Amino acid sequence: MSKRRIVEAAGGILYRTREGAPDGDIEVCVVHRPKYDDWSWPKGKLELNESHRHAAVREIGEETGCHVALGPFLGEVEYPLADEGRKKRHASAQANRNGSADMQTKHVAYWMATVISDTRARRMATAFGPVHRADAGEISDVRWLTIAEARKRLTHSTDKDVLAWFVDRLQEDAHHARTVLLVRHAKAEPRKLWKGTDPARPITPKGAAAAYALDRELACYAPERLTTSPWIRCQQTMQMLAWQTGLPVELIPELTEDAFAADPAAAWAAFRAQIAEALTSGATTAICMHRPVIGGIFEHLRPLCSCKSLTKRLIAKSPYMPTGNALALFITGSPEDPRIIDIQKVAPIVY
Numbered sequence: 093m094s095k096r097r098i099v100e101a102a103g104g105i106l107y108r109t110r111e112g113a114p115d116g117d118i119e120v121c122v123v124h125r126p127k128y129d130d131w132s133w134p135k136g137k138l139e140l141n142e143s144h145r146h147a148a149v150r151e152i153g154e155e156t157g158c159h160v161a162l163g164p165f166l167g168e169v170e171y172p173l174a175d176e177g178r179k180k181r182h183a184s185a186q187a188n189r190n191g192s193a194d195m196q197t198k199h200v201a202y203w204m205a206t207v208i209s210d211t212r213a214r215r216m217a218t219a220f221g222p223v224h225r226a227d228a229g230e231i232s233d234v235r236w237l238t239i240a241e242a243r244k245r246l247t248h249s250t251d252k253d254v255l256a257w258f259v260d261r262l263q264e265d266a267h268h269a270r271t272v273l274l275v276r277h278a279k280a281e282p283r284k285l286w287k288g289t290d291p292a293r294p295i296t297p298k299g300a301a302a303a304y305a306l307d308r309e310l311a312c313y314a315p316e317r318l319t320t321s322p323w324i325r326c327q328q329t330m331q332m333l334a335w336q337t338g339l340p341v342e343l344i345p346e347l348t349e350d351a352f353a354a355d356p357a358a359a360w361a362a363f364r365a366q367i368a369e370a371l372t373s374g375a376t377t378a379i380c381m382h383r384p385v386i387g388g389i390f391e392h393l394r395p396l397c398s399c400k401s402l403t404k405r406l407i408a409k410s411p412y413m414p415t416g417n418a419l420a421l422f423i424t425g426s427p428e429d430p431r432i433i434d435i436q437k438v439a440p441i442v443y
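To get the working numbering, take the position in the sequence shown, counting from 1, and add 92.
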């Protein structure tokens, strides 16, 4: 019986608008690996206790020398590890039909990514962790190319498939998307056991660990604004990231459980204002709130989704999303007419 072993990896297409060119004239970053003498997207294997998204940011940074933040998700590629670097790389599903026992498969997840400023990167450094530049033996050249040039330069058909996904994303206006991180507060002390008022109910030690671990994942999107319900469990969930980044935490009174129960429309208006601010300023925003409020917000977000598959990611039943987790929403359009083109689940790895 064959034994299939999977090597997990992640990377992305780092892109920018060509300097001096009209808006929409995009360049992408490709790297040369001397070991294989090929041109590919920056990518690499996951480290121990590392998520795919974190590995994508780290590997892109290591191989290109650029500080980056993730954007919309592109897709996943899988191929036999034995084909790594070969000019003709076959899809693993096809190769496995005639494959031998103990076949190793490489699975790579890809994101869109953009360069962020040194200042923004320094703010994220404590939460994200170290990024060390790859040596010349691993990456010998880094080039910015037009999409047409990249299509000719890329060595592998699988990388050209990823480029096709990227072009599809551009058709959705994904290169202008803004990011809103919707966070559910970490696990709090049970209501039945808590002696104080509900607004003062804190997160548990386990919840604090999850909140700390979540920061490492949120840092992949390099948030520039931190906002939250004023209740303690939400503030505590955001406080560690605030301490690590030096960013202030803005309080939104309309997002407490009591305020939402009294006036759901006002809660949505407050959240909607944050979307408008993100679209206007371009600042990636994290917003922490409670389970009942999330359910109400989801009802308003579903009609904004560009397709039914995205709508289904906004769960219609309580608890909507786990404690200490987040959703990364990628939003395009104008403040008056926003459209969600991608939704990514963001979960901490606690160990």
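C-beta atoms are modelled at their ideal positions from N, C-alpha and C, and glycine is treated no differently. It should be emphasised that the depicted structure is a prediction, and the values quoted were computed from it without experimental measurement.
Ala292 is classed as exposed because its beta carbon has fewer than 16 other beta carbons within 10 Å across all chains shown. Here Pro340 is exposed: its Cβ has fewer than 16 other Cβ atoms, across all protein chains shown, within 10 Å. Annotated three-state conformation of Cys158 is coil, per DSSP. For the alpha helix (DSSP H) assignment, the uninterrupted runs of no fewer than 4 residues enclosed by the region 291-331 are, from N- to C-terminal side, 297-310. Bounds of the beta strand (DSSP E) holding Lys137 are 135-137. Excluding residues up to 5 positions away in sequence, Ala311 lie with their Cβ nearer than 6 Å to the Cβ of Phe220 in the same chain.
Here the C-alpha atom of His382 lies approximately 14 Å from the C-alpha atom of Lys409. At the C-beta level, Gly163 and Thr206 come within 8 Å of one another.
Within the DSSP secondary-structure output, Asp233 pairs in a beta bridge with His124. Cβ contact annotation for Glu264 (same chain, cutoff 6 Å, sequence separation greater than five): Ile433, in chain order. Taking the Cα of His267 as reference, the smallest distance to any Cα among Glu151, Leu274, Phe258 is reached at Phe258. Proximity of the region 350-363 to the region 239-255 falls short of the contact definition, fewer than three beta-carbon pairs being nearer than 8 Å. Residue burial annotation: Ser401 is exposed, with fewer than 16 other C-beta atoms found within 10 angstroms of its C-beta. The beta carbons of Asp307 and Met332 sit about 6 Å from each other, so the pair counts as a contact at 8 Å.
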